[in-house]
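Reviewing the structure listed below.
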Amino acid sequence: MSEIVHKNAFITSLPVQLFRLNIHIHAVKRVGYPVGITSVHNCHEIHHAIDPGAEIRIENEGKVLSLLQGDILWILPGTTHRTIVISPGVRHYNVLFDFEECISYPYEKGIASTSSFPRTISEKGYWLGSGSNIISSYLLDAMKLANSNIWGRIPQIQCLMSLFITSCYQSMLGGETLKMESENHTYADIRNALPIITYIRENYSEPLTLENLSKIFYISPRQINRYIQELCGLTFKRIVADIRIGHAKLYLKNTSFTAEKICELVGFDSVSYFYRVFKSMVGMTVTEYRKKNR
Numbered sequence: 564m565s566e567i568v569h570k571n572a573f574i575t576s577l578p579v580q581l582f583r584l585n586i587h588i589h590a591v592k593r594v595g596y597p598v599g600i601t602s603v604h605n606c607h608e609i610h611h612a613i614d615p616g617a618e619i620r621i622e623n624e625g626k627v628l629s630l631l632q633g634d635i636l637w638i639l640p641g642t643t644h645r646t647i648v649i650s651p652g653v654r655h656y657n658v659l660f661d662f663e664e665c666i667s668y669p670y671e672k673g674i675a676s677t678s679s680f681p682r683t684i685s686e687k688g689y690w691l692g693s694g695s696n697i698i699s700s701y702l703l704d705a706m707k708l709a710n711s712n713i714w715g716r717i718p719q720i721q722c723l724m725s726l727f728i729t730s731c732y733q734s735m736l737g738g739e740t741l742k743m744e745s746e747n748h749t750y751a752d753i754r755n756a757l758p759i760i761t762y763i764r765e766n767y768s769e770p771l772t773l774e775n776l777s778k779i780f781y782i783s784p785r786q787i788n789r790y791i792q793e794l795c796g797l798t799f800k801r802i803v804a805d806i807r808i809g810h811a812k813l814y815l816k817n818t819s820f821t822a823e824k825i826c827e828l829v830g831f832d833s834v835s836y837f838y839r840v841f842k843s844m845v846g847m848t849v850t851e852y853r854k855k856n857r
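Per this note's numbering, the sequence shown starts with residue 564, numbered consecutively.
Quick look at the structure:
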């Protein structure tokens with residue numbers, strides 16, 4: 564897993580495997596000047612107003628929408644729109660993304676139990692409604708992580724963006740409980756995955772097993788592995804190894820610690836296993852990597 568590309572509070576090219584529905588997030592950015600540019604996308608776009616003070620014109624209706632604090636504007640593909648006002652200092656974000664498992668428009672497969680977007684929304688090409696502080700927190704936390712130097716942040720960002728998108732969709736459906744098409748997964752499954760992934764990232768140097776996590780979170784080992792694999796597209800074992808190897812690379816580049824010491828610091832209990840996993844994931848030995856990056 565490569566670290567996410569970010570620049571000036573942008574998230575770009577983030578794949579999210581949302582219970583076998585592949586979502587590709589093209590960009591998450593804070594909207595600012597210049598305004599007045601007319602846009603039409605072949606993907607979905609969500610505008611979220613952390614603060615009030617934005618106005619967006621839907622060109623096919625000639626209608627100007629004023630976004631209040633916490634509002635969500637979901638714009639469907641093919642809808643021409645233009646941001647005409649952004650007040651100075653306003654925190655206003657937009658998210659551009661695709662669903663890969665779609666056949667035609669309207670979609671034959673949606674992210675909820677309904678087979679497509681509600682007819683009234685499909686006809687207008689957009690939906691404007693109220694969000695909540697928790698929806699805002701998912702997006703802001705994801706942006707904060709994306710602009711940090713914390714290794715292993717991608718699974719947590721993926722989980723936060725999944726929660727943001729599904730929460731927006733839930734708001735669009737009027738609060739109806741979300742149920743994923745695959746194996747009757749629910750919105751609660753994503754919320755369960757977030758603290759587990761956060762715990763793994765923050766405690767990578769400790770012994771981490773599915774059994775230990777099961778005791779901490781009161782969820783069966785099988786469920787924990789399923790949450791992680793179906794949300795992030797990786798197994799529990801792979802995510803733990805990826806985070807640990809990422810930190811090992813930083814130690815190799817920035818310290819003179821021995822490989823044995825680094826092995827201990829990042830949570831591997833066997834030096835030989837550390838060497839083997841490092842070579843498999845990085846494509847070179849520990850010694851070769853250190854020589855190349857010092």
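Beta carbons: idealized from backbone N, C-alpha and C, even for Gly.
Quiz item: What's the C-alpha gap between N775 and Y781?
Solution: Numbered from 1 along the sequence shown, position 212 holds the residue referred to as residue 775. Numbered from 1 along the sequence shown, position 218 holds the residue referred to as residue 781. Roughly 10 Å separates the two Cα atoms.
Quiz item: Does any C-beta atom of chain B lie closer than 8 Å to the C-beta of F837?
Solution: The chain labelled as chain B is not found in the depicted structure, where only one protein chain is given.
Practice problem: Any chance you could list the beta strand (DSSP E) runs of at least 3 consecutive residues sitting entirely within the segment 580-654, in chain order? | Solution: 584-593, 607-612, 617-621, 626-630, 634-638, 644-649
Quiz item: Hey, I806 and R764: beta-carbon distance below 8 Å or not?
Solution: For this step, residue 806 is matched to residue 243 along the sequence shown. For this step, residue 764 is matched to residue 201 along the sequence shown. Yes, Cβ-Cβ distance for I806 and R764 is below 8 Å.
Quiz item: What residues in its chain sit with their C-beta under 7 Å from that of I802, if we drop five residues either side in the sequence?
Solution: For the purposes of this step, residue 802 is identified with residue 239 of the sequence shown, where counting begins at 1. Closer than 7 Å at Cβ, skipping near neighbours: P718, I763, I791, C795.
Exercise. Pull up the distance between the alpha-carbon of V603 and that of H644, whole angstroms please.
Key: Your numbering for residue 603 matches position 40 in the sequence shown. Your numbering for residue 644 matches position 81 in the sequence shown. Using only the alpha carbons, I get a separation of about 6 Å.
Self-check item: Cα-Cα separation between V594 and D704, rounded to whole angstroms
Solution: Sequence index remark: in the sequence shown, residue 594 carries index 31 (1-based). Sequence index remark: in the sequence shown, residue 704 carries index 141 (1-based). C-alpha separation (whole angstroms): 17 Å.
Quiz prompt | Where Y767 falls: helix, strand or coil (DSSP) | solution = Mapped onto the sequence shown, residue 767 falls at position 204. Three-state DSSP puts Y767 in coil, outside helix and strand.
Exercise. Verify whether the separation of the beta carbon atoms of K800 and Y852 is less than 8 Å.
Key: Mapped onto the sequence shown, residue 800 falls at position 237. Mapped onto the sequence shown, residue 852 falls at position 289. Against a cut-off of 8 Å, the Cβ pair of Y852 and K800 comes out as no contact.
Quiz item: In whole angstroms, what is the alpha-carbon distance linking S833 and I825?
Solution: Along the sequence shown, one-based indexing puts residue 833 at 270. Along the sequence shown, one-based indexing puts residue 825 at 262. The straight-line gap from Cα to Cα measures roughly 11 Å.
Practice problem: Provide the residue span of the alpha helix (DSSP H) that contains Y781, from first to last. | Solution: On the sequence shown, position 218 is the one that residue 781 refers to. Unbroken run through Y781: none, as it is neither H nor E.
Quiz item: Looking at the structure shown, is V845 part of a helix, part of a strand, or coil, going by DSSP?
Solution: By one-based count along the sequence shown, residue 845 stands at place 282. V845 falls in the helix class under three-state DSSP.
Self-check item: Same chain, Cβ closer than 6 Å to F820, neighbours up to 5 away in sequence not counted
Solution: The residue labelled residue 820 in the question sits at position 257 within the sequence shown. Same-chain partners within the cutoff: Y814.
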